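Trainee: Protein chains in written order, with our numbering: chain H, 18 to 200; chain U, 9 to 188. For each residue, glycine too, the CB sits at the ideal point set by N, CA and C. Computed from a prediction, not measured in an experiment: that's the story for all the values here.
1. To the nearest whole angstrom, what separates the beta carbons of residue 168 (chain U) and residue 160 (chain U), a pair I think is in contact under 8 Å?
2. Using a Cβ-Cβ distance cut-off of 7 Å, determine whether residue 67 (chain U) contacts chain H.
3. Jot down the residue ranges of each uninterrupted beta strand (DSSP E) in the stretch 69 to 145 of chain H, minimum 3 residues, whole runs only, in chain order.
4. Is it right to say residue 54 (chain H) is buried, meaning 16 or more other beta carbons lie within 10 angstroms of its own, or is it exposed?
5. So if I threshold CB-CB distances at 8 Å, which residues from the stretch 160 to 174 of chain U count as touching chain H?
6. Do you know offhand how far residue 197 (chain U)'s Cα is from residue 27 (chain U)'s?
7. Taking a cut of 9 Å between CB atoms, which residues from the stretch 65 to 97 of chain U lie near chain H?
8. So, does the CB of residue 188 (chain U) fall closer than 7 Å to a CB anywhere in chain H?
9. The alpha helix (DSSP H) spanning residue 89 (chain U) covers which residue range?
10. Tell me whether the beta-carbon of residue 152 (chain H) lies closer than 7 Å to the beta-carbon of residue 131 (chain H).
11. Which residues in the same chain as residue 137 (chain U) place their Cβ atom closer than 7 Å to its Cβ, once the five residues preceding and following it in sequence are excluded?
12. Taking DSSP as the reference, what is the three-state secondary structure of residue 67 (chain H)?
13. Identify the residues that DSSP records as bridge partners of residue 154 (chain H): which are they?
14. Suppose the cutoff is 6 Å on Cβ atoms and the five residues either side in sequence are ignored; what does the same chain contact list for residue 78 (chain U) look like?
15. Any Cβ of chain H within less than 7 Å of the Cβ of residue 24 (chain U)?
16. Would you mind sorting residue 188 (chain H) into buried or exposed? The rule is 16 or more other CB atoms within 10 Å of its CB.
17. CB-CB under 7 Å to residue 83 (chain H), same chain, minus the five flanking residues each way: which ones, in chain order?
18. Among all the DSSP beta bridges, which residues are the ones paired with residue 60 (chain U)?
19. Where does residue 186 (chain U) sit, in a helix, a strand or coil, going by DSSP?
20. Exposed or buried, what is residue 20 (chain U) when buried is set at 16 or more other beta-carbons lying within 10 Å of its beta-carbon?
21. How about residue 163 (chain U) and residue 76 (chain U): are their beta carbons less than 7 Å apart?
22. With residue 125 (chain U) as the anchor, note down where its alpha helix (DSSP H) starts and where it stops.
23. Let me check one thing: in DSSP terms, what residues is residue 20 (chain U) bridge-paired to?
24. Do the stretch 161 to 174 of chain H and the stretch 117 to 133 of chain H touch if we need at least three Cβ pairs shorter than 8 Å?
25. What residues from the stretch 143 to 166 of chain H come within 9 Å of chain U, judged by C-beta to C-beta, listed N to C?
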């Protein structure tokens, strides 16, 4: 029979010997594939806000935090809704120079700037000498192109500030990527 | 099973693999299972919702029982929400007398709600829930907690539509045709 291989021959191919055990394994594999394809093919699944807009930060030096938002494809953040604060007592965040976003004319909000893909912001902090831990809180608000918006969302990371002259600290994710079993 | 033949051993292996497969499939299926279909749900928990209007008076959704009730979660900071609401205003004018009733639930604060309501000439009630309303919408099926989110309840108290994202005018027309 010409055309695509028949399923049983595929199974035998995958199993190698065609023994019941191999077939059972091949069946499991095929079933996994089918089940995994299902939700991916059925689109329209939206990400929860902390997965659409992944916040992470690292301490560059005793006085500077580098904050990053990784923005999922098809999602964007509003530049004027980005806020940074230190929630550690006695520490304040200095004026933040936000990078320019992509300007767009919004029918409701006028001229707005948005970030896509990734935005990296240097956040100066006062009253840190190095060695202490600091919790940085970022507030953001964004939308998905499909026509939904997420409420303002706060995410925080706790960093250990490096001492003067020490190398930058590691990148800390506000929401560590979820472990998934099969993908 | 002291002197099991290779054939019997192989059979046991098949059973073991099949058992593992069943377990694994169960796990995968469970993880990929969509939330229980809200379209088949009784709307009693939604109709039991009570929130303040912009004047601070508690309003229960149950007062609109018997209408074709469109409950729309929105906010002034949500552009797609603002975009769809003038169409709701039109539909309320066109079909309100026949029993179509829109109710907005704002995830917002009162002054902003008032300003926007005046701006678009809102002709249906709005309740103001703040962020708590977002959590409330989650219990109604808005698992990612985004806006706009709309739940439609027919006159007999069944949820007939649950939608995250803008509702189109054609959908409203179809709901009116089907349920009024």
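Mentor: In terms of the structure at hand:
1. For this step, residue 168 (chain U) is matched to residue 160 along the second chain. For this step, residue 160 (chain U) is matched to residue 152 along the second chain. Confirmed, Cβ separation roughly 5 Å.
2. On the second chain, residue 67 (chain U) is found 59 positions in, with the first residue counted as 1. No Cβ of chain H is located within less than 7 Å of the beta carbon of residue 67 (chain U).
3. If we require 3 residues or more, the beta strand (DSSP E) runs fully inside the stretch 69 to 145 of chain H come out as 70 to 78, 81 to 88, 92 to 95, 100 to 103, 119 to 123, 127 to 132, 135 to 141.
4. Here residue 54 (chain H) is taken as the residue at index 37 of the first chain, counted from 1. Bear in mind that the predicted position of residue 54 (chain H) carries a pLDDT of just 41, short of 50, making it unreliable; the figure below should be weighed with that in mind. Result: exposed.
5. Residues of the stretch 160 to 174 of chain U with a C-beta less than 8 Å from any C-beta of chain H: 172, 173, 174, listed in chain order.
6. Here chain U comprises residues numbered 9 to 188, so residue 197 (chain U) is not present and cannot be evaluated.
7. Those residues of the stretch 65 to 97 of chain U that come within reach of chain H (Cβ to Cβ, closer than 9 Å) are 83, 84, 85, 86, 87, 88, 89, 90, 91, 92.
8. Counting from 1 along the second chain, the entry for residue 188 (chain U) is found at position 180. Judged by the 7 Å Cβ criterion, residue 188 (chain U) is not in contact with chain H.
9. Start at 1 with the first residue of the second chain, and residue 89 (chain U) comes out as number 81. Start and end: 87 to 103.
10. In the first chain, counting from the first residue as 1, residue 152 (chain H) sits at position 135. In the first chain, counting from the first residue as 1, residue 131 (chain H) sits at position 114. Contact annotation: residue 152 (chain H) and residue 131 (chain H) have beta-carbon atoms that are not nearer than 7 Å.
11. Numbered from 1 along the second chain, position 129 holds the residue referred to as residue 137 (chain U). Non-local beta-carbon contacts of residue 137 (chain U) in its own chain, meaning distances under 7 Å to residues more than five positions away in sequence, involve 59, 113, 114, 115, 144 in chain order.
12. For the purposes of this step, residue 67 (chain H) is taken as the residue at position 50 of the first chain. Residue state, collapsed to three classes: helix.
13. Within the first chain, the letter at position 137 stands for residue 154 (chain H). Residue 154 (chain H) pairs with H:102, H:173.
14. Position 70 of the second chain holds residue 78 (chain U). 110, 160.
15. Here residue 24 (chain U) refers to the residue found at position 16 when the second chain is read from its first residue. Cβ-Cβ to chain H under 7 Å: no for residue 24 (chain U).
16. By one-based count along the first chain, residue 188 (chain H) stands at place 171. Exposed, because fewer than 16 other Cβ atoms sit within 10 Å of the Cβ of residue 188 (chain H).
17. Position 66 of the first chain holds residue 83 (chain H). Closer than 7 Å at Cβ, skipping near neighbours: 74, 75, 77, 137, 139.
18. Mapped onto the second chain, residue 60 (chain U) falls at position 52. Paired residue(s): U:66.
19. Position 178 of the second chain, counted from the start, is the residue given in the question as residue 186 (chain U). Correct three-state label for residue 186 (chain U): helix.
20. By 1-based counting over the second chain, the position of residue 20 (chain U) is 12. Exposed is the call here.
21. The sequence position of residue 163 (chain U) within the second chain is 155, counting from 1. The sequence position of residue 76 (chain U) within the second chain is 68, counting from 1. Between residue 163 (chain U) and residue 76 (chain U), the C-beta gap is smaller than 7 Å, which places the two residues in contact.
22. Position 117 of the second chain, counted from the start, is the residue given in the question as residue 125 (chain U). Here the alpha helix (DSSP H) through residue 125 (chain U) covers 118 to 128.
23. Reading the second chain from its first residue, position 12 is the one you call residue 20 (chain U). Residue 20 (chain U) is not bridged to any residue.
24. Judged by Cβ distances under 8 Å, the stretch 161 to 174 of chain H makes no contact with the stretch 117 to 133 of chain H, as fewer than three pairs qualify.
25. Residues of the stretch 143 to 166 of chain H that bring their beta carbon within less than 9 Å of a beta carbon in chain U comprise 158, 160, 161, 163, 164, 165, 166, in sequence order.
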